[in-house]
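Asks:
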Amino acid sequence: MAQSMNDTIFPPPLVEGGHSFGSITDAVCRIVEEKPTVGWLAAFGVANIGALMLLVSIAWLIWEGTGIWGLNNPVGWGWAIVNFVFWVGIGHAGTLISAILFLFRQKWRTAINRFAEAMTIFAVICALVFPGIHVGRIWAAYWMLPLPNQMGMWPNFRSPLLWDVFAVSTYFTVSLLFWYVGLVPDMATLRDRAKNKIAFWAYGMLSLGWRGANRHWSNYERAYLLLAALATPLVLSVHTIVSFDFAVSIIPGWHTTIFPPYFVAGAIFSGFAMVLTLAVPSRKIFGLEDFITVRHIENMNKIILVTGTMVGYAYAMEFFIAWYSASPYEGFAFVNRAFGPYSWAYWIMVSCNVITPQFFWFKKIRTNVTMTFILSIFVNIGMWFERFVITMSLHRDYLPSSWDYYAPTIWDMTTFIGSFGLFFTLFLLFLKFLPAVAIAEVKGVLPQADPHWEGYHAHHAEEASHG
Amino acid sequence: MADRKNWGMVAEFDNPARLLEAAQKVREAGYQKFEVWSPFPIHGMDDAMGLGGSKVPWITLLGGLTGLTIGFTLQWWSGSIAYPIVIGGKPLFAWQFGLPVMFELTILLSAFGTVFGMFGLNKLPRPYHPLDKIKRFKKATDDAFFLSIEAADAKFDLGGSKALLEKLGGKHVTLVEE
Numbered sequence: 003m004a005q006s007m008n009d010t011i012f013p014p015p016l017v018e019g020g021h022s023f024g025s026i027t028d029a030v031c032r033i034v035e036e037k038p039t040v041g042w043l044a045a046f047g048v049a050n051i052g053a054l055m056l057l058v059s060i061a062w063l064i065w066e067g068t069g070i071w072g073l074n075n076p077v078g079w080g081w082a083i084v085n086f087v088f089w090v091g092i093g094h095a096g097t098l099i100s101a102i103l104f105l106f107r108q109k110w111r112t113a114i115n116r117f118a119e120a121m122t123i124f125a126v127i128c129a130l131v132f133p134g135i136h137v138g139r140i141w142a143a144y145w146m147l148p149l150p151n152q153m154g155m156w157p158n159f160r161s162p163l164l165w166d167v168f169a170v171s172t173y174f175t176v177s178l179l180f181w182y183v184g185l186v187p188d189m190a191t192l193r194d195r196a197k198n199k200i201a202f203w204a205y206g207m208l209s210l211g212w213r214g215a216n217r218h219w220s221n222y223e224r225a226y227l228l229l230a231a232l233a234t235p236l237v238l239s240v241h242t243i244v245s246f247d248f249a250v251s252i253i254p255g256w257h258t259t260i261f262p263p264y265f266v267a268g269a270i271f272s273g274f275a276m277v278l279t280l281a282v283p284s285r286k287i288f289g290l291e292d293f294i295t296v297r298h299i300e301n302m303n304k305i306i307l308v309t310g311t312m313v314g315y316a317y318a319m320e321f322f323i324a325w326y327s328a329s330p331y332e333g334f335a336f337v338n339r340a341f342g343p344y345s346w347a348y349w350i351m352v353s354c355n356v357i358t359p360q361f362f363w364f365k366k367i368r369t370n371v372t373m374t375f376i377l378s379i380f381v382n383i384g385m386w387f388e389r390f391v392i393t394m395s396l397h398r399d400y401l402p403s404s405w406d407y408y409a410p411t412i413w414d415m416t417t418f419i420g421s422f423g424l425f426f427t428l429f430l431l432f433l434k435f436l437p438a439v440a441i442a443e444v445k446g447v448l449p450q451a452d453p454h455w456e457g458y459h460a461h462h463a464e465e466a467s468h469g
Numbered sequence: 004m005a006d007r008k009n010w011g012m013v014a015e016f017d018n019p020a021r022l023l024e025a026a027q028k029v030r031e032a033g034y035q036k037f038e039v040w041s042p043f044p045i046h047g048m049d050d051a052m053g054l055g056g057s058k059v060p061w062i063t064l065l066g067g068l069t070g071l072t073i074g075f076t077l078q079w080w081s082g083s084i085a086y087p088i089v090i091g092g093k094p095l096f097a098w099q100f101g102l103p104v105m106f107e108l109t110i111l112l113s114a115f116g117t118v119f120g121m122f123g124l125n126k127l128p129r130p131y132h133p134l135d136k137i138k139r140f141k142k143a144t145d146d147a148f149f150l151s152i153e154a155a156d157a158k159f160d161l162g163g164s165k166a167l168l169e170k171l172g173g174k175h176v177t178l179v180e181e
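Keeping their order, the protein sequence lines are chains A and B.
Quick note on our numbering: the first sequence kicks off at 3 and runs consecutively.
Quick note on our numbering: the second sequence kicks off at 4 and runs consecutively.
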């Protein structure tokens, strides 16, 4: 008891291993400066094969049309929308860590924010692929944008699909800017350590001549705070608007007001699982255990527990409202989800999303790195199935004569697996060429970064007595 | 080469506490064109240097208002003037359905204002700086803390400024050429 009280009053240090400013620089820059390891090259090779698979699948899709997918008449939206929502959702944890936890002054975020923001950007790139390619006539994809054209046409702003175009592209742009602003001082560090001309020029150009002047830091910190304040409502709006793609329609099982908060909770849930899936092996491979500590992992597991429980509550509430609404179509849609042809998917979803996170009530499991990794994989799977279950509401619409069963084709699968290839290709490039931990920010949370740190005063007093 | 002008003087300090103290004293000595350089922002340095608040928020506000205006005008004009088509019996324009796009564009242009405003106020990109010639200065992005005084400052004088920096605990006090 005394021990746990002590933990609460004096939380464990944010950075372990007794680091100095210089040793943080070394530990993070070493990853970039060393020659790529065999493991990295092997992983990069595999990821490249995946990315190539995505390219081939897209090329075949453009050549042949959406008929290569398993779409049928009632199910006009298949894996493309499932994958889109899956990837966008994953991105949300990155913004939550970088923006919302920043506003709440959660200093532990500094070790993982760079990492999580990179994940956000690459996940949103993967997400954007799907609406981009599923339009059918790919050469007309620019019709989604309000561009003046010789046909005198403008997009339909009454459609939630168009709101989504604005929401996701804004989200991508703002996340990229946020990430870049955070990277500038760290790329300046890499520039100043560069051993060869190419690295010097590349990091020099990217860091824009940042030298750490305090007048610059002053504007920089204000800009960073503002970006966090802008990204916070933005991230909540993005999955809200993604949920409007469904909720604004009149399909039973979709037309519900619980969708926006339920989607946002699910997005954060899945995103934190993905952060852990990536962070647990990376910290081991690159020796970042002093920065991404068990405390970080435990904190993230707590967020998974909270959001997972919210998601479970939403599943229950959907059923309650379906019954309470007394709409036979609404009631049927939910009974069909749980006991119809897709009941297998429904119960995978419930097991992975509702039961799995409950293990994190136990501190032993929360602080166990291996268990965290395994459970995070279950959450990733469960959240993909959640979007699949929601989308498959289409398969039995109002008219029984048009009911059908949707099954993916091989091209659906190669496109989805290929999107992981694209994601990991980008992620591995990031790990190798950019600082995976925010160097300047981590230095800023060391106790000796505070000019009023007691160590300096003791030192001072000693010098004064000698002199 | 003899007509090379001095840019100023730079000194290195042991730690953030010494740097903060030095900045305070240099300001109190009446210097204005001085700057401190550190690998991370130091709490309280803005006050020690006597800097006012950042102007970035004003540019953010300007960006946000521009975004909101564009979001409103684009949807209203394209839907009811340029291309009026009734879809699903909905009105040609209503602020309710216009909200998501207005919101997103407000955020987008606020973010542009914030980021480009910040770089603009900092006069970045700046590929060359006289301090780049000082080898030790490369540590400013690693673990060293510097204070520089520009020769353009009215109070700058070779002997006096050097003595002040050394008195404050500055090490490797170096003259920097233009």
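Glycine included, each C-beta is placed from N, C-alpha and C at the ideal position.
Could you pull out every residue in the same chain whose Cβ sits closer than 6 angstroms to the Cβ of M3 (chain A), ignoring the five residues on either side in sequence?
Replies: One-based indexing of the first sequence puts residue 3 (chain A) at position 1. Because M3 (chain A) sits at a pLDDT of 44, beneath the cut-off of 50, its placement in the model cannot be relied upon, and the following sentence gives the value as read from the coordinates. For M3 (chain A), where only same-chain residues beyond five positions count, there are no Cβ hits under 6 angstroms.
Asks: Excluding sequence positions up to five away, which residues of its chain have a Cβ less than 7 angstroms from the Cβ of I135 (chain A)?
Replies: Translated into positions along the first sequence, residue 135 (chain A) becomes position 133. Around I135 (chain A): I60 and L63.
Asks: For A215 (chain A), decide whether its Cβ has a neighbour in chain B, counting only Cβ atoms nearer than 9 angstroms.
Replies: As a first step, residue 215 (chain A) must be located in the first sequence, where it is residue number 213. Output row for A215 (chain A): interface = yes.
Asks: Kindly say whether R30 (chain B), judged by its beta-carbon, lies nearer than 9 angstroms to any beta-carbon of chain A.
Replies: For the purposes of this step, residue 30 (chain B) is identified with residue 27 of the second sequence, where counting begins at 1. Chain A contact via Cβ: absent.
Asks: Cβ of W79 (chain A) less than 9 angstroms from any chain B Cβ?
Replies: As a working note, residue 79 (chain A) is residue 77 in the first sequence. Chain B contact via Cβ: absent.
Asks: Show which residues of chain B have a CB atom less than 8 angstroms away from the CB atom of Q450 (chain A).
Replies: For the purposes of this step, residue 450 (chain A) is taken as residue 448 along the first sequence, with counting starting at 1. Correct list: N18 and P19.
Asks: How many angstroms separate the CA atom of T279 (chain A) from the CA atom of I379 (chain A)?
Replies: Taking the first residue of the first sequence as 1, we reach residue 279 (chain A) at position 277. Taking the first residue of the first sequence as 1, we reach residue 379 (chain A) at position 377. Answer to the nearest angstrom: the Cα atoms are 7 angstroms apart.
Asks: If I measure Cβ to Cβ from L98 (chain A) and keep anything under 6 angstroms in the same chain, skipping five residues before and after, which residues do I get?
Replies: Mapped onto the first sequence, residue 98 (chain A) falls at position 96. Around L98 (chain A): I270.
Asks: Looking only at DSSP bridge pairs, what is T177 (chain B) linked to?
Replies: Here residue 177 (chain B) refers to the residue found at position 174 of the second sequence. DSSP output for T177 (chain B) lists B:V13 as bridge partner(s).
Asks: Identify the residues that DSSP records as bridge partners of G151 (chain B): which are they?
Replies: Within the second sequence, the letter at position 148 stands for residue 151 (chain B). Before going on, a small fix: residue 151 (chain B) reads as Ser here, not Gly. The partner list for S151 (chain B) (beta bridge, DSSP) reads B:V13 and B:E38.
Asks: Only counting runs of 4 or more residues, tell me where the alpha helix (DSSP H) segments fall wholly within the stretch 30-69 of chain A, in order along the chain.
Replies: Qualifying alpha helix (DSSP H) stretches, in chain order: 40-66.
Asks: Can you find a C-beta in chain B that's less than 9 angstroms from the C-beta of E223 (chain A)?
Replies: In the first sequence, residue 223 (chain A) corresponds to position 221, counting from 1. Closer than 9 angstroms: yes.
Asks: Which residues of the stretch 379-394 of chain A have a Cβ closer than 9 angstroms to any Cβ of chain B? Give them in chain order.
Replies: Within the stretch 379-394 of chain A, no residue has a Cβ that lies closer than 9 angstroms to any Cβ of chain B.
Asks: Tell me the DSSP bridge mates of A215 (chain A)?
Replies: Position 213 of the first sequence, counted from the first residue, corresponds to residue 215 (chain A). In the DSSP output, where bridge partners are listed per residue, A215 (chain A) has B:W40.
Asks: Straight-line CA distance for I252 (chain A) to P410 (chain A)?
Replies: One-based indexing of the first sequence puts residue 252 (chain A) at position 250. One-based indexing of the first sequence puts residue 410 (chain A) at position 408. Approximately 25 angstroms between the Cα atoms of the pair.
Asks: Buried or exposed for W325 (chain A), please, with buried defined as at least 16 other CB atoms from any protein chain shown within 10 angstroms of its CB.
Replies: As a working mapping, residue 325 (chain A) is identified with position 323 in the first sequence. Exposed is the call here.
Asks: Contact defined as beta carbons within less than 8 angstroms: I believe T72 (chain B) pairs with G116 (chain B). What is the distance between those atoms, to the nearest angstrom?
Replies: As a position in the second sequence, residue 72 (chain B) is number 69, starting the count at 1. As a position in the second sequence, residue 116 (chain B) is number 113, starting the count at 1. So it is not a contact: roughly 13 angstroms between Cβ atoms.
Asks: Between which residues of its own chain and E388 (chain A) is the CB-CB distance below 7 angstroms, once the five residues before and five after are set aside?
Replies: Looking up residue 388 (chain A) in the first sequence gives position 386. Correct list, in chain order: G268, M351 and N355.
Asks: Are the beta-carbon atoms belonging to P343 (chain A) and Y264 (chain A) less than 9 angstroms from one another?
Replies: Taking the first sequence and counting its residues from 1, the one referred to as residue 343 (chain A) is at position 341. Taking the first sequence and counting its residues from 1, the one referred to as residue 264 (chain A) is at position 262. No, these two residues do not count as a Cβ contact at 9 angstroms.
Asks: Using a Cβ cut-off of 7 angstroms, pull out every chain A residue sitting near P128 (chain B), in sequence order please.
Replies: As a working mapping, residue 128 (chain B) is identified with position 125 in the second sequence. Chain A residues near P128 (chain B): L210 and G211.
Asks: Step through the CB atoms of chain A and report whether any lies within less than 9 angstroms of the CB of A143 (chain B).
Replies: Taking the first residue of the second sequence as 1, we reach residue 143 (chain B) at position 140. Interface residue, yes.
Asks: Does the beta carbon of L1 (chain A) come closer than 9 angstroms to any beta carbon on chain B?
Replies: The displayed coordinates of chain A run from 3 to 469. Any statement about residue 1 (chain A) would go beyond what the structure contains.
Asks: Which full runs of the alpha helix (DSSP H) of 4+ residues lie inside the stretch 238-296 of chain A, going along the chain?
Replies: Complete alpha helix (DSSP H) runs here, min 4: 261-287.
Asks: By how many angstroms is the C-alpha of K434 (chain A) removed from the C-alpha of G446 (chain A)?
Replies: For the purposes of this step, residue 446 (chain A) is taken as the residue at position 444 of the first sequence. For the purposes of this step, residue 434 (chain A) is taken as the residue at position 432 of the first sequence. Roughly 24 angstroms separates the two Cα atoms.
Asks: Is the Cβ of E194 (chain A) closer than 9 angstroms to any Cβ of chain B?
Replies: In the first sequence, the residue the question calls residue 194 (chain A) occupies position 192. The question names Glu, but residue 194 (chain A) in the sequence shown is Asp. Answer yes: the Cβ-Cβ gap between D194 (chain A) and chain B drops below 9 angstroms somewhere.
Asks: So, helix, strand or coil for F106 (chain A), using DSSP?
Replies: As a working mapping, residue 106 (chain A) is identified with position 104 in the first sequence. In the structure shown, F106 (chain A) sits in coil (DSSP, three-state: anything other than H, G, I, E or B).
Asks: Express the C-alpha separation of S209 (chain A) and K2 (chain B) in angstroms, rounding to a whole number.
Replies: No information on residue 2 (chain B) is available, as it lies outside the stretch 4 to 181 that chain B covers here.
Asks: Going by beta-carbon coordinates alone, are F334 (chain A) and F321 (chain A) separated by less than 9 angstroms?
Replies: Here residue 334 (chain A) is taken as the residue at index 332 of the first sequence, counted from 1. Here residue 321 (chain A) is taken as the residue at index 319 of the first sequence, counted from 1. Not a contact, by the Cβ cut-off of 9 angstroms.
Asks: Could you confirm whether any beta carbon from chain B is found closer than 9 angstroms to the beta carbon of P15 (chain A)?
Replies: Taking the first residue of the first sequence as 1, we reach residue 15 (chain A) at position 13. No - not a single Cβ of chain B is within 9 angstroms of the one on P15 (chain A).
Asks: Am I right that V186 (chain B) and F149 (chain B) are in contact with their C-beta atoms under 8 angstroms? What's the rounded C-beta distance?
Replies: Any answer about residue 186 (chain B) is impossible in this case: the structure gives chain B only from 4 up to 181.
Asks: If I measure Cβ to Cβ from R368 (chain A) and keep anything under 6 angstroms in the same chain, skipping five residues before and after, which residues do I get?
Replies: By one-based count along the first sequence, residue 368 (chain A) stands at place 366. Within the same chain, R368 (chain A) has close Cβ partners E300, N303 and F362.
Asks: For G120 (chain B), does the three-state DSSP call read helix, strand or coil?
Replies: Taking the first residue of the second sequence as 1, we reach residue 120 (chain B) at position 117. It is helical.
Asks: Identify whether I45 (chain B) lies in helix, strand or coil by the three-state DSSP scheme.
Replies: Mapped onto the second sequence, residue 45 (chain B) falls at position 42. Residue state, collapsed to three classes: coil.
Asks: What does the alpha-carbon distance come out to for the pair R217 (chain A) and G47 (chain B)?
Replies: Here residue 217 (chain A) corresponds to residue number 215 of the first sequence, with the count starting at 1. Here residue 47 (chain B) corresponds to residue number 44 of the second sequence, with the count starting at 1. Computed Cα separation, rounded: 12 angstroms.
Asks: I believe S272 (chain A) touches M155 (chain A) by the beta-carbon criterion, under 8 angstroms. Please report the beta-carbon distance rounded to the nearest angstrom.
Replies: The sequence position of residue 272 (chain A) within the first sequence is 270, counting from 1. The sequence position of residue 155 (chain A) within the first sequence is 153, counting from 1. Not really, about 37 angstroms apart at Cβ, beyond 8 angstroms.
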